[in-house]
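Adding 1 to a residue's 1-based position in the sequence shown gives its number in the working numbering.
Encoded as structure tokens, the structure appears first; notes follow it.
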Amino acid sequence: MIVKYSKQLTKKNKNPIYLADRLQAVYEDNYNIFSELVLKPAEIKPKTINNYQAYNYILKLNNNLPSVFVCIENISKYTLHCSMRIEEGIIGEHKNVYNTPYNFRMKLYLDAKLLEIYDVNYERTQEINMTSGISTKILDNTNTENKLVKSSFLNQWLKTLKSSGYHLINL
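Written out as structure tokens, the structure reads:
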């Protein structure tokens, strides 16, 4: 039996070709925005990566809005592991507004120009594999729909950071 799919959107967005195309587009868009916010200002590119190194940066707008902490580790010359989290606490002088941090964990593929998110940690009691430091959630929910949801969530956040004027501060 031969099963054919078209690239048309179905009612429930379950079409695997459509989902894969959409996910690819979001990965590319996330990479481009992240590159503008972090990689280009930090001058991180394959020819500057020699040995294992970890980079810590802060994206900052002003003193009233929370900072975004960025940690980048090079896995290889063309692959980077990255985590981003927003600062926790009361926002500015607004005593009734408390910002709860969440942590994005992702891989950047510099040669393919893709940013793949593999975990969004928004619970403080998140279970972590202590031998690798990687959330056990990566082993679960790895279907294309879940990846698309996580990537779209990151995409909206990156667009907000960019349009708000966040800029990189090197530590």
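All C-beta atoms, glycine included, are put in the ideal place defined by N, C-alpha and C.
Going straight from the alpha carbon of residue i to that of residue j, what length do you get?
i	j	result
P47	L40	11 Å
Y58	F35	13 Å
I18	N63	42 Å
Y103	N51	31 Å
N144	L81	22 Å
N27	L111	Before going on, a small fix: residue 27 reads as Val here, not Asn. Cα to Cα, the separation comes out at about 15 Å.
S164	R106	22 Å
What first and last residue would you give for the beta strand (DSSP E) that runs through residue i?
i	result
T161	Taken as a continuous stretch (DSSP letters only), T161 belongs to no beta strand (DSSP E), being part of the alpha helix (DSSP H) at 145-165.
Y110	104-110
V115	In the sequence under discussion, the amino acid at residue 115 is Leu, which differs from the Val named in the question. Element bounds for L115: 115-122.
N75	69-75
Does residue i pass the burial test, meaning 16 or more other C-beta atoms within 10 Å, or should it be called exposed?
i	result
D120	buried
R125	At R125 the pLDDT is 48, less than 50, meaning the model places this residue with poor confidence; the figure from the coordinates comes in the next sentence. Flag for R125 reads exposed.
I76	exposed
N147	exposed
I170	exposed
N156	buried
Pull up the CB-CB distance for residue i and residue j, whole angstroms please, since I reckon it's below 8 Å.
i	j	result
Y32	L109	7 Å
L20	L38	Not a contact, Cβ separation roughly 26 Å.
Identify whether residue i lies in helix, strand or coil by the three-state DSSP scheme.
i	result
K46	coil
K41	helix
A55	strand
E88	coil
L81	strand
L60	strand
L169	strand
Could you please give the first and the last residue of the uninterrupted alpha helix (DSSP H) stretch that includes residue i?
i	result
E29	17-35
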